[in-house]
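Our numbering puts the sequence shown at residues 338 to 603.
All C-beta atoms in this analysis are idealised placements derived from N, C-alpha and C, irrespective of residue type, glycine included.
Since the structure comes first, as structure tokens, the remarks are kept for the end.
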Amino acid sequence: MAPALKNENMSHQSHPTCAHHHHHHELRVENLGVRYRELDALQDVSFATSCGACVALIGPNGAGKSTLLKAVAGLLPIAAGRILWRGTKVAKWSREIAYLPQREDVDWQFPITVRGVVRMGRYPQAGWWRPFSTADETAIDRAIELMGLTDLGDRQISRLSGGQQQRVFLARALAQQAHVLLLDEPFSGLDRPSKSALAATLRKITGEGRLVIASHHDMDTVRGIYDEVLLLRRKAIAFGPVAEVFNEAALDATFGALSATEKEVA
Numbered sequence: 338m339a340p341a342l343k344n345e346n347m348s349h350q351s352h353p354t355c356a357h358h359h360h361h362h363e364l365r366v367e368n369l370g371v372r373y374r375e376l377d378a379l380q381d382v383s384f385a386t387s388c389g390a391c392v393a394l395i396g397p398n399g400a401g402k403s404t405l406l407k408a409v410a411g412l413l414p415i416a417a418g419r420i421l422w423r424g425t426k427v428a429k430w431s432r433e434i435a436y437l438p439q440r441e442d443v444d445w446q447f448p449i450t451v452r453g454v455v456r457m458g459r460y461p462q463a464g465w466w467r468p469f470s471t472a473d474e475t476a477i478d479r480a481i482e483l484m485g486l487t488d489l490g491d492r493q494i495s496r497l498s499g500g501q502q503q504r505v506f507l508a509r510a511l512a513q514q515a516h517v518l519l520l521d522e523p524f525s526g527l528d529r530p531s532k533s534a535l536a537a538t539l540r541k542i543t544g545e546g547r548l549v550i551a552s553h554h555d556m557d558t559v560r561g562i563y564d565e566v567l568l569l570r571r572k573a574i575a576f577g578p579v580a581e582v583f584n585e586a587a588l589d590a591t592f593g594a595l596s597a598t599e600k601e602v603a
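Given below as structure tokens:
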């Protein structure tokens with residue numbers, strides 16, 4: 338596994354071991370295939386990455402980015418291949434994997450506070466019917482504090498900015514004590530200060546030993562945020578350290594004209 342990329346803008350750590358564990362944890366996708374009805378949304382996708390990495394998932398609309406994130410999260414059935422976390426199928430480790438949907442897929446008018454959303458992250462650990470323990474409440478408090486939301490705990494989510502909304506969902510994942518965070522277009526719709534703050538937050542999260550995989554569309558900011566990149570167009574076009582595989586030839590192969598079938602799969 339290649340070490341995390343270091344660049345002039347940010348000091349990136351080599352992949353540390355995940356928090357609370359004593360060995361190197363790897364996410365491995367092998368020959369993955371996912372089908373929608375009779376269409377192949379993903380075909381023969383393989384890559385491997387590990388704790389402490391921040392991975393950009395890049396491809397055109399219809400390339401299967403959201404499909405891949407949902408498959409890794411266990412939200413979609415797979416037609417071929419396998420997805421392993423810590424050497425066994427991801428289904429065993431669902432509590433350690435958190436999926437954050439695109440902001441437009443969330444009902445932000447739902448009557449719930451910031452703390453209420455973050456508390457939801459503890460249910461996979463604590464169970465739905467057991468009262469929360471002191472340890473649960475401590476995990477919630479720490480997640481809210483880490484995401485800079487302490488003063489907003491009682492605020493309704495409908496009254497948050499886009500950047501604050503993203504931080505609430507990241508706090509929910511941290512309260513869950515997830516080791517793998519799968520983010521679907523987390524920078525979409527944010528203003529420049531919010532994007533900068535979110536980029537710093539993702540680096541902080543990976544610096545703590547978590548794995549972040551995020552679909553991303555702003556080509557100009559990839560090098561400043563991510564260690565590794567997966568270029569996807571239903572198949573894996575390239576995967577590896579940003580400095581090695583994020584280049585014009587690979588981008589041309591990824592973003593060439595889409596076929597009618599690829600557009601339909603979008």
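Taken through DSSP and simplified to helix, strand or coil, Ile434 comes out as strand. Shown here, Pro578 sits in a strand according to DSSP, grouped into three states. DSSP, read as helix, strand or coil, puts Gly500 in helix. With a 10 Å radius around the Cβ and a threshold of 16 neighbouring Cβ atoms, Gln446 comes out exposed. One alpha carbon belongs to Pro414, the other to Ala408, and they sit about 7 Å apart. Secondary structure of Glu363 (DSSP, three-state): strand. Here Asp521 is buried, its C-beta having at least 16 other C-beta atoms within 10 Å.
Contact annotation: the segment 380–398 does not touch the segment 479–486, with fewer than three C-beta pairs closer than 8 Å.
In the assembly as shown, Gly593 is an exposed residue. Its beta-carbon has fewer than 16 other beta-carbons within 10 Å.
Secondary structure of Ile420 (DSSP, three-state): strand.
Using a 10 angstroms sphere on the CB of Lys426, the tally of other CB atoms stays under 16, which defines it as exposed. Within its own chain, the residues whose Cβ lies closer than 7 Å to the Cβ of Ala410, once the five positions on either side in sequence are excluded, are Ile434, Tyr436 and Leu519, listed in chain order.
The alpha-carbon of Asp473 is positioned some 7 Å away from that of Arg459. Distance from the CA atom of Pro578 to the CA atom of Glu367, rounded to whole angstroms, is 19 Å. With a contact defined as Cβ atoms closer than 8 Å, Val392 and Tyr563 qualify at about 6 Å. Straight through space, the alpha carbons of Gln439 and Arg529 are spaced by roughly 18 Å.
According to the DSSP assignment, Ala393 belongs to the beta strand (DSSP E) that extends over Cys391 to Ile395. Distance from the Cα of Arg492 is smallest, within the candidate group Thr450, Leu405, Ile420 and Gly389, for Thr450.
Looking from the CA of Pro523, the closest CA among Val454, Pro461 and Lys402 belongs to Lys402.
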